[in-house]
Every structure is written in C-alpha cells, then in structure tokens.
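Here is the structure we will look at, set down as structure tokens.
Number of protein chains: 2
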Amino acid sequence: MEIERKFLTKKIPFALEGFVCKQIVQSYISFQPTIRIRQSNDKYFLTVKGKGYMIREEFEIAISQQEYERLYMKIEGNEVRKRRYLIPLQSGYTAELDVYEGSLEGLFTTEVEFETMEDANGFVVPEWFGTDISYDRRYKNTSLALYGKPKDNN
Amino acid sequence: MEIERKFLTKKIPFALEGFVCKQIVQSYISFQPTIRIRQSNDKYFLTVKGKGYMIREEFEIAISQQEYERLYMKIEGNEVRKRRYLIPLQSGYTAELDVYEGSLEGLFTTEVEFETMEDANGFVVPEWFGTDISYDRRYKNTSLALYGKPKDNN
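Take a look at the structure:
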C-alpha cells in the first residue's frame, strides 16, 4: 500500500547539491494496469500497481540489468527521465523532488510518502512545494510517459 | 508469499465430475521475472512472481477482459491451457488438479498450497498424487509455456 501526496513545484529556494540524488529512467510495459520498469542509478526494478490516486497497491521486485533490457523491448509511450533528490524535512518526512529531463525538462514535482491517511491529511505543506496535484491525473508519471508535459506548465 | 508442493499425477482414481472446475488459460509477458496473465473462467488476472521454487513472492491483481487482451499482444512462448479441479482432502487441504489441454494434453499435475514450511513438509501425500516435482523446473508452467511437455512424460 502506498499513500502519497504530490505537488507541482515552481521554485526551489535552496541549492540541490549535497542532497542524495538518484538518476531515474522509467518506462511502462502497460499503462492500465500499470507495469513499470525503472532504472535508479545502477539498480533495476519491476513494479506493478493497482488503480488509485493517493492510495494504491504496489508490488516491486529487483531485476537484473539484462532482465530490464529484455522488458524494455515491450514498453509503450516515452520513457520518463528525472533526477530525484531526497530532501529531509523538519517534520521528519522526506520530500522526493523530481527534476524532469529530456522532453519533460522544466517540470518539477515533489512527493511525500505517508504511513496512514491521517498522516497524509495532517501533513503541513512547506510553501515551496507548490500546488497540490495528488489528484491531478495529468501529472501522473503514466500520463507524462503517454502525453508529455501538461500544457499549462509551459 | 506462496508455499506450494507439486506432484506429477499419472492416474486419477475417481471421477472428476462434481468437483469445482476452472477453465484456465495462462500466458507470459516475461518468463524472468515472471509476468503472467491468466483467464480463469470469466475472470482475468495479472500476476508478478519473484524467484523460487516452493516459496516465492507473488502479487496478483484482477484486470478487465480488455486489459487482458491488450497485454496478450505482448506474450512470449505458448499459452498454457488447463482445467483446474479443486479437490477437498480429508486433511483439510485442497488439492488443485490441473488437467492440461492442447499441446500439453496427457499431462496432469496436482498442487497443494500451505501457510508455513512446517505444514508443507509435514503434509501426508495421498498416493494418487504421484511423484513430487516441487523442485523440477521442467514442470513449472513457465517451462511448459516455453518448451512444452517434458520428454519423459510422453
């Protein structure tokens, strides 16, 4: 089970150097249901997700680079490339700031993962996070892979 | 987590009519890792499995017929068709007897699922179950889909 809130970040009021950063490339073998392959630095993962916005069932296994490359032959849509910065917050949570690359350059989103819906709803949002887009399907990574950057972000 | 023992059944000493039966068709989008789609009567499922023989991690979600048909376009190998009979045992367990069809006709396997390894190891095997093939990779459904019926079963 995954409980997440997601925000459309416009301005990052601090330098990103020094934060842990993962270079992520993710693609989709299927959008519905979601079958995703992801490279994160030198690790590879296969993920299947159920339906849903803030809460969804998710299953992930580590795969080898060779398995990743075989599965890559079956992808649909475009791959999504981003640098993910892990930013510890004073509240104890970790913000995941995604800085998109390639055709999605200029897009920034920030996500926080929670244990419970109460935690998710009670979370005090730092101002720099920007607009809450937890329920905006255009910013789901599946939509970004299928349709590219949403128009109103240009 | 799935704990299973599997047997190569040669002779079924009772009539199968009357037992609950599912018509199953399953195919593989990927063999390693295992990404399986399955039709069971009028229901459809997507399953991802980790590595392993008797114990393996498994995640399954229900999908629609339309989703199944889209995913079917990405399968590798042959589909595996079988009728699965659910046979209650005196021990309280349920045996799943698979009667394979099509190119696998003549092959019968029986599986029992357990909660713990202790249960699996302590299970008293009914004689009609046949040889234990829990660790014989040739009878895994992925192998059957890739290579067909093992030679020594002809």
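Chains as they are written, first to last, in numbering that gives the first Met the number 0: chain A, 0 to 153; chain B, 0 to 153. Heads up, the beta-carbon is just placed ideally off N, CA and C, and yes, glycines get one too.
6 Å Cβ shell around residue i - same chain, five flanking residues per side excluded
{"i": "residue 137 of chain B", "result": "149"}
{"i": "residue 77 of chain A", "result": "144"}
Residue i in three-state terms, based on DSSP
{"i": "residue 67 of chain B", "result": "helix"}
{"i": "residue 148 of chain A", "result": "coil"}
{"i": "residue 119 of chain A", "result": "helix"}
{"i": "residue 29 of chain A", "result": "strand"}
{"i": "residue 102 of chain A", "result": "helix"}
{"i": "residue 88 of chain A", "result": "coil"}
{"i": "residue 15 of chain A", "result": "coil"}
{"i": "residue 39 of chain A", "result": "strand"}
{"i": "residue 95 of chain B", "result": "strand"}
Distance between beta carbons of residue j and residue i, contact taken as under 8 Å
{"i": "residue 30 of chain B", "j": "residue 141 of chain B", "result": "5 Å"}
{"i": "residue 4 of chain A", "j": "residue 131 of chain A", "result": "7 Å"}
{"i": "residue 115 of chain A", "j": "residue 28 of chain A", "result": "Incorrect: roughly 31 Å between the Cβ atoms, too far for contact."}
{"i": "residue 100 of chain A", "j": "residue 83 of chain A", "result": "Not confirmed; about 11 Å, so no contact."}
{"i": "residue 73 of chain B", "j": "residue 73 of chain A", "result": "5 Å"}
Best match in the options for proximity to residue i [C-alpha to C-alpha]
{"i": "residue 35 of chain B", "options": "B:4, B:131, B:91 and B:79", "result": "B:79"}
{"i": "residue 40 of chain B", "options": "B:76, B:84, B:32 and B:23", "result": "B:23"}
{"i": "residue 112 of chain B", "options": "B:124, B:18, B:105 and B:66", "result": "B:124"}
{"i": "residue 61 of chain B", "options": "B:42, B:96 and B:103", "result": "B:42"}
{"i": "residue 85 of chain B", "options": "B:48, B:91, B:96 and B:75", "result": "B:96"}
{"i": "residue 47 of chain B", "options": "A:38, A:68 and A:57", "result": "A:57"}
{"i": "residue 64 of chain B", "options": "B:45, B:75, B:77 and B:49", "result": "B:45"}
{"i": "residue 129 of chain B", "options": "B:68, B:75, B:110 and B:104", "result": "B:110"}
{"i": "residue 75 of chain B", "options": "B:133, B:68, B:26 and B:92", "result": "B:26"}
{"i": "residue 92 of chain A", "options": "A:59, A:12, A:118 and A:68", "result": "A:118"}
{"i": "residue 89 of chain B", "options": "B:70, B:6 and B:122", "result": "B:122"}
Exposure label - residue i; buried when at least 16 CB within 10 Å
{"i": "residue 87 of chain A", "result": "exposed"}
{"i": "residue 94 of chain A", "result": "buried"}
{"i": "residue 14 of chain A", "result": "exposed"}
{"i": "residue 146 of chain A", "result": "exposed"}
{"i": "residue 10 of chain B", "result": "exposed"}
{"i": "residue 32 of chain B", "result": "buried"}
{"i": "residue 19 of chain B", "result": "exposed"}
{"i": "residue 38 of chain A", "result": "buried"}
{"i": "residue 50 of chain B", "result": "exposed"}
Neighbourhood of residue i by C-beta, 8 Å cutoff - its chain only, sequence neighbours within 5 removed
{"i": "residue 103 of chain B", "result": "79, 80, 81, 143, 147 and 148"}
{"i": "residue 120 of chain A", "result": "none"}
Same chain only: Cβ atoms within 7 Å of residue i, ignoring 5 sequence neighbours per side
{"i": "residue 8 of chain A", "result": "96, 107, 108, 109, 127, 128 and 129"}
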